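Trainee:
Put into structure tokens, the structure is as follows:
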């Protein structure tokens with residue numbers, strides 16, 4: 001912090017560095033006792049309850065994998081938006097659908113659209129891939145380690161356009177200092193030791209309730225800011241992995257970035273409150289409240305999707321007409337083209353077109369490109385649930 005004074009209660013100190021000073025945080029756990037009151041523990045209990053509810057639903061409901069991918073995608077999109085990306089579900093699913101439709105009626109038009117959308121969608125797709133890689137590592141007996149962090153960082157930044165990256169070191173710690181406004185995180189020579197201590201703290205079980213330790217870890221990681229770029233994305237991704245590692249999540253379907261995205265100013269203020277004043281309690285309350293709210297929101301959204309699926313099964317199931325089969329298949333592939341439907345249902349394109357047209361008339365599908373050719377359709381009610389703002393807070 002070049003122009004900001006820190007108090008004696010701050011869990012770190014300023015170290016002179018040329019004409020300015022960088023902030024060196026103390027290792028975890030906090031040296032002072034945490035003054036966590038009954039209100040905090042009530043929120044902690046609520047967060048634990050909703051995480052348990054979410055995990056229970058994840059086990060009970062037999063969802064097609066695509067719906068869990070869609071919830072993971074929501075987290076990836078919200079995280080990318082925090083970093084300034086501008087992308088929506090349509091762009092992501094359109095990109096995927098076009099990759100399935102190997103031949104198009106107008107390749108030149110399709111390539112132009114893909115190029116325009118790829119810039120920001122790549123960040124989201126990388127985030128999804130990184131979470132999946134992290135989960136796979138944990139499932140195969142691995143653990144959170146410096147090596148895993150480097151691998152995830154590389155995945156997050158691979159193939160991202162150069163104008164979206166502010167570092168030449170991908171998959172490795174920073175080699176030059178990086179500022180956050182007036183805040184100068186630890187310089188490169190400090191990073192190895194600080195990160196080794198942080199990972200060791202986590203791997204040895206921490207000192208508090210898992211949610212508290214995950215919140216402490218996130219603060220410390222973002223304060224160290226160990227990479228030249230991508231620290232925010234990696235830090236948010238690690239929350240999901242750590243919740244899964246602690247068996248507080250059955251699937252990676254908690255999108256905490258939505259909470260951070262809607263409370264950016266508070267997020268920054270609470271972080272700065274710790275750095276300058278040692279206000280751990282303010283940060284921990286904010287973090288745990290976010291977990292509680294987003295876990296409840298995930299439960300609500302998951303149940304809404306399941307209710308919609310059951311309604312479609314009641315209305316369209318059991319009948320072999322192409323329209324009925326397509327309606328039930330939308331929970332496996334909610335974004336389609338005529339070719340996609342023809343391939344998926346093994347029918348002629350003319351039959352696929354009629355099925356799409358019927359479901360469009362019934363409000364189940366909607367055309368989203370506005371084009372006369374190469375039309376793309378999405379399952380309107382599924383996307384209404386995925387895209388709606390939070391309903392529980």
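Numbering (full-length UniProt numbering), first residue to last: 1 to 393. C-beta atoms are modelled at their ideal positions from N, C-alpha and C, and glycine is treated no differently. These numbers were taken from a predicted model, which means no experiment stands behind them.
In the DSSP assignment, what residue or residues form a beta bridge with residue 183?
Mentor: Within the chain shown, the letter at position 183 stands for residue 183. DSSP output for residue 183 lists 180 as bridge partner(s).
Trainee: Quick one: what's got a C-beta closer than 8 Å to residue 237's C-beta in the same chain, skipping five residues either side?
Mentor: In the chain shown, the residue the question calls residue 237 occupies position 237. Once the five neighbours on either side are set aside, the close Cβ partners of residue 237 are 79, 127, 130, 131, 134, 152 and 156.
Trainee: Under a Cβ-count criterion, where at least 16 other Cβ atoms within 10 Å of its own Cβ denotes burial, should residue 98 be classed as buried or exposed?
Mentor: The sequence position of residue 98 within the chain shown is 98, counting from 1. When all chains shown are included, residue 98 counts as buried.
Trainee: According to DSSP, residue 13 sits in a beta bridge with which residue or residues?
Mentor: Numbered from its first residue, the chain shown carries residue 13 at position 13. Beta-bridge pairing links residue 13 to 24.
Trainee: Only counting the same chain, and skipping five residues up and downstream in sequence, which positions put a Cβ closer than 7 Å to that of residue 396?
Mentor: Because the chain here runs from 1 to 393, residue 396 falls outside it and cannot be looked at.
Trainee: I want to know whether the segment 32 to 44 touches the segment 227 to 246 - three or more CB-CB distances under 8 Å.
Mentor: No, the segment 32 to 44 does not touch the segment 227 to 246.
Trainee: Is it buried or exposed for residue 251, if we count other Cβ within 10 angstroms and need 16 for buried?
Mentor: Position 251 of the chain shown, counting from 1, holds the residue named residue 251. With 16 or more Cβ atoms within 10 Å of its Cβ, residue 251 is classed as buried.
Trainee: Can you find the residues in the same chain that come closer than 6 Å, C-beta to C-beta, to residue 188, ignoring five residues on each side of it along the sequence?
Mentor: As a first step, residue 188 must be located in the chain shown, where it is residue number 188. 174 and 175, listed in sequence order.
Trainee: What does the Cβ neighbour count give for residue 386, buried or exposed, with the cut at 16 atoms within 10 Å?
Mentor: Residue numbering aside, residue 386 sits at position 386 when the chain shown is read from its first letter. The residue in question, residue 386, is buried, as its Cβ has 16 or more Cβ neighbours within 10 Å.
Trainee: Out of 351, 71, 122 and 245, state which residue places its alpha-carbon closest to the alpha-carbon of residue 138.
Mentor: Stepping through the chain shown from its first residue, residue 138 is reached at position 138. Checked all of 351, 71, 122 and 245; the closest Cα to residue 138 is 245.
Trainee: CB-CB under 7 Å to residue 323, same chain, minus the five flanking residues each way: which ones, in chain order?
Mentor: Residue numbering aside, residue 323 sits at position 323 when the chain shown is read from its first letter. Closer than 7 Å at Cβ, skipping near neighbours: 355, 358 and 359.
Trainee: Taking Cβ to Cβ, would you say residue 298 is nearer than 8 Å to residue 254?
Mentor: As a first step, residue 298 is located in the chain shown; it is residue number 298 there, counting from the start. As a first step, residue 254 is located in the chain shown; it is residue number 254 there, counting from the start. In contact: residue 298 and residue 254 (Cβ atoms closer than 8 Å).
Trainee: How would you label residue 307, buried or exposed, when you count the other beta carbons within 10 angstroms and need 16 or more for buried?
Mentor: The residue you call residue 307 lines up with position 307 of the chain shown. Exposed, because fewer than 16 other Cβ atoms sit within 10 Å of the Cβ of residue 307.
Trainee: Across which residues does DSSP place residue 335 in a beta bridge pair?
Mentor: Along the chain shown, read from residue 1 onward, the residue named residue 335 stands at position 335. Answer by DSSP bridge pairing, in chain order: 378.
Trainee: With burial defined as no fewer than 16 other Cβ atoms inside 10 Å of the residue's Cβ, what is the status of residue 74: buried or exposed?
Mentor: In the chain shown, the residue the question calls residue 74 occupies position 74. Looking at its Cβ environment, which holds 16 or more other Cβ atoms inside 10 Å, residue 74 is buried.
Trainee: Taking Cβ to Cβ, would you say residue 224 is nearer than 8 Å to residue 243?
Mentor: Position 224 of the chain shown, counting from 1, holds the residue named residue 224. Position 243 of the chain shown, counting from 1, holds the residue named residue 243. No, Cβ-Cβ distance for residue 224 and residue 243 is not below 8 Å.
Trainee: Bridge partners for residue 125 per DSSP, in chain order?
Mentor: As a position in the chain shown, residue 125 is number 125, starting the count at 1. For residue 125, which the question treats as bridged, DSSP gives no partner whatsoever.
Trainee: List the endpoints of the continuous alpha helix (DSSP H) containing residue 46.
Mentor: Within the chain shown, the letter at position 46 stands for residue 46. Segment 38 to 60, the alpha helix (DSSP H) holding residue 46.
Trainee: Across which residues does DSSP place residue 367 in a beta bridge pair?
Mentor: Here residue 367 is taken as the residue at index 367 of the chain shown, counted from 1. According to DSSP, residue 367 bridges with 377.
Trainee: Helix, strand or coil: which one does DSSP assign to residue 29?
Mentor: Along the chain shown, one-based indexing puts residue 29 at 29. Coil at residue 29, not helix or strand.
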